[in-house]
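Chemist: My questions will all concern the structure given below.
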Amino acid sequence: MKWWQIGLIACLLVAFLSPLASSSPDGLERVAEDKGFLGLGREAPFQIIADYVFPGIENEVVATILAGLIGTIILFGVVYGIAWLLKSRRREAAK
Amino acid sequence: MHIPDGFLSVATVASTCVVSAGGIGNAVRVANSKLGEKHVPLMGVLAAFIFAAQMLNFPIAGGTSGHLIGAALAAILLGPWASVLIMSCVLIAQCLIFQDGGLLALGANIFNMGIIASFSSYYLYRSVTSFLGGNGRSKLIGGFIAAWGSVFLASIACAIELVVSGTSPLAVVLPVMAGFHALIGVGEGLITAGVLSFVAVTRPDLLQLQRI
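Residue numbers (this note's numbering), protein chains in the order written: chain A, 1 to 95; chain B, 1001 to 1212.
Structure follows, in structure tokens:
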């Protein structure tokens, strides 16, 4: 097994831990709440996997894990793909 | 620290968008000229790790949580421009797919957590490790300080954007943003130093890649 395959599996295991995350507001959200400007925030005009909960699944733990796994795989694929394209495009240019 | 839509003025949205778009453009150019065989899978794994780890909010004081940004880890391992590229992809995906961070605020979020966090941590890491002599322990201390500084400075950039947008006065928002993120930065520092020491033990060659 290649090192990056092990790395990717480790990332997916991290995604499995996502339901354990603290649900307290983060630093900025907390400041916005305390200082009275949280109400200025607007919802997104569309929702896909809003707030890292996969829609249509009753069990929130499962929905959160699914959202985490999907995002982790997408980010690996997209960034690997972009890096591969940037690297190979240069090789073609050099020929 | 993902800014939602509604917190920033049109001028702040426009100027951070222009700066971030320029930053991404230059990151693509630099990556195109420097990327090697080994960088490609590490870029993918780091993006996956940063996304997954950002979901794991850890509690800090007073009913508040924080999560990893990850720019310091990416900048230390791959260099600041590669880190800008990775962070931009993570933030764009979080905005478009997970509705975390506003669409209009995307430029500001990339500026804070991508550009500011990557460059501040990269140069902090280099200064601290060279000051301490460059051995294994100095790299861990450098990683911790760089990661802490990246969160702290990104939160100050975020506070300034809120101030110039007229959302909150400087004297109100800056001390609390900096204060909370000084604590969150400790988490960032511990995670970054932990991953760096894990990489140093398992794949020390990955610490020797050309920085992009």
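We put the CB at the ideal spot given by N, CA and C, even for glycine. In this text the structure is predicted, and so the values were computed from the model without any measurement.
Mind checking Pro1041(B): buried by the 16 CB within 10 Å criterion, or exposed?
Modeler: Classification for Pro1041(B): buried.
Chemist: Is the closest heavy atom of the ligand FAD to the C-beta of Glu29(A) under 7 Å?
Modeler: Ligands displayed in this structure: none; no statement on the ligand FAD is therefore possible.
Chemist: Are the C-beta atoms of Arg1211(B) and some chain A residue less than 8 Å apart?
Modeler: By this cut-off, Arg1211(B) is not an interface position.
Chemist: With DSSP as the reference, label Val79(A) as helix, strand or coil.
Modeler: Helix.
Chemist: Classify Arg1211(B) as helix, strand or coil using the three-state DSSP reduction.
Modeler: Looking at Arg1211(B) - three-state DSSP - the assignment turns out to be coil, as it is neither helix nor strand.
Chemist: Could you spell out the range, first to last residue, of the beta strand (DSSP E) harbouring Phe1058(B)?
Modeler: Where Phe1058(B) is concerned, the enclosing beta strand (DSSP E) stretches over Phe1058 to Ile1060.
Chemist: From the beta carbon of Pro1059(B), is the nearest beta carbon of chain A less than 8 Å away?
Modeler: It does: the Cβ of Pro1059(B) has a partner Cβ on chain A nearer than 8 Å.
Chemist: Give me the chain A residues within the contact set of Thr1167(B), using Cβ-Cβ distance strictly less than 7 Å, ordered along the chain.
Modeler: Chain A residues near Thr1167(B): Phe37 and Leu40.
Chemist: Relative to the C-alpha of Thr1064(B), which candidate in Ser1138(B), Ala1182(B) and Lys1139(B) has its C-alpha closest?
Modeler: Closest by alpha carbon: Ala1182(B).
Chemist: When DSSP builds the beta bridges, which residues end up paired with Thr1012(B)?
Modeler: Bridge partners of Thr1012(B): none, in fact.
Chemist: For a test of the three-state rule: what should DSSP assign to Thr72(A), helix, strand or coil?
Modeler: If DSSP states are grouped into helix, strand and coil, Thr72(A) belongs with the helices.
Chemist: Ends of the beta strand (DSSP E) at Ser999(B)?
Modeler: This structure leaves residue 999(B) out entirely; chain B is present only between 1001 and 1212.
Chemist: Under 8 Å between the Cβ atoms of Ala1071(B) and Met1055(B)?
Modeler: No, these two residues do not count as a Cβ contact at 8 Å.
Chemist: Which stretch, first to last residue, makes up the alpha helix (DSSP H) that contains Tyr52(A)?
Modeler: It is not in any alpha helix (DSSP H) - Tyr52(A) carries neither H nor E in the DSSP assignment.
Chemist: Could you work out which residue in Gly1101(B), Ala1193(B), Asn1057(B) and Gly1062(B) is closest to Ala1075(B) when comparing CA atoms only?
Modeler: Considering only alpha carbons, the answer is Ala1193(B).
Chemist: Val1013(B): which of Gly1134(B), Leu1103(B), Ser1138(B) and Ile1097(B) sits nearest, CA to CA?
Modeler: Nearest option by C-alpha distance: Leu1103(B).
Chemist: Which residue marks the beginning of the alpha helix (DSSP H) containing Pro1175(B), and which one marks its end?
Modeler: Run containing Pro1175(B): Leu1170 to Thr1202, per the alpha helix (DSSP H) assignment.
Chemist: Just list the residues that DSSP pairs Arg1126(B) with in beta bridges.
Modeler: In the DSSP output, where bridge partners are listed per residue, Arg1126(B) has none listed.
Chemist: Answer with yes or no whether the minimum CB distance from Gly1025(B) to chain A is below 8 Å.
Modeler: Closer than 8 Å: no.
Chemist: Which residues in the same chain as Gln1208(B) place their Cβ atom closer than 8 Å to its Cβ, once the five residues preceding and following it in sequence are excluded?
Modeler: There are no such residues.
Chemist: Do we get a CB-CB distance below 8 Å when we pair Gly1044(B) with the residues of chain A?
Modeler: Yes, Gly1044(B) lies at the interface with chain A (some Cβ there is under 8 Å from its Cβ).
Chemist: Report the partner residues of Arg1137(B) according to the DSSP bridge assignment.
Modeler: Paired residues: none, contrary to the question.
Chemist: Taking the alpha-carbon of Leu75(A) as reference, which of Phe1098(B), Phe1058(B), Gly1062(B) and Ile1024(B) has the nearest alpha-carbon?
Modeler: Per the Cα distances, Phe1098(B).
Chemist: Count the C-beta pairs between the stretch 1150–1169 of chain B and the stretch 1113–1131 of chain B that are closer than 8 Å, then say yes if the count reaches three, no if not.
Modeler: These segments touch.
Chemist: Determine, using beta carbons only, whether Ala83(A) and Gly1044(B) come nearer to each other than 8 Å.
Modeler: Contact: yes.
Chemist: Using a beta-carbon distance cut-off of less than 9 Å, what residues from the stretch 1181–1195 of chain B approach chain A?
Modeler: So the list reads His1181, Leu1183 and Ile1184, given in the order they occur along the chain.
Chemist: Once you ignore the five residues that flank Leu12(A) on each side, which residues in its own chain have a CB closer than 8 Å to its CB?
Modeler: Within the same chain, Leu12(A) has close Cβ partners Leu69, Thr72 and Ile73.
Chemist: Taking all protein chains shown into account, do 16 or more other C-beta atoms lie within 10 angstroms of the C-beta of Gly1143(B), making it buried, or fewer, making it exposed?
Modeler: Flag for Gly1143(B) reads buried.
Chemist: What's the C-alpha gap between Lys95(A) and Asn1135(B)?
Modeler: Bear in mind that the predicted position of Lys95(A) carries a pLDDT of just 48, short of 50, making it unreliable; the figure below should be weighed with that in mind. Answer to the nearest angstrom: the Cα atoms are 40 Å apart.
Chemist: Got a sec? Which residues, its chain only, sit under 7 Å from Leu8(A) by beta carbon, not counting five neighbours each side?
Modeler: Excluding positions up to five away in sequence, the list reads Phe76.
Chemist: Closer than 8 Å, CB to CB, is Gly1063(B) near chain A or not?
Modeler: Chain A, which has a Cβ nearer than 8 Å to the Cβ of Gly1063(B), makes this yes.
Chemist: Taking the Cβ atom as the reference point for each residue, do Phe1180(B) and Val78(A) lie within a distance shorter than 8 Å?
Modeler: Against a cut-off of 8 Å, the Cβ pair of Val78(A) and Phe1180(B) comes out as no contact.
Chemist: Looking at the unbroken alpha helix (DSSP H) that takes in Phe1111(B), where does it start and where does it end?
Modeler: Unbroken run through Phe1111(B): none, as it is neither H nor E.
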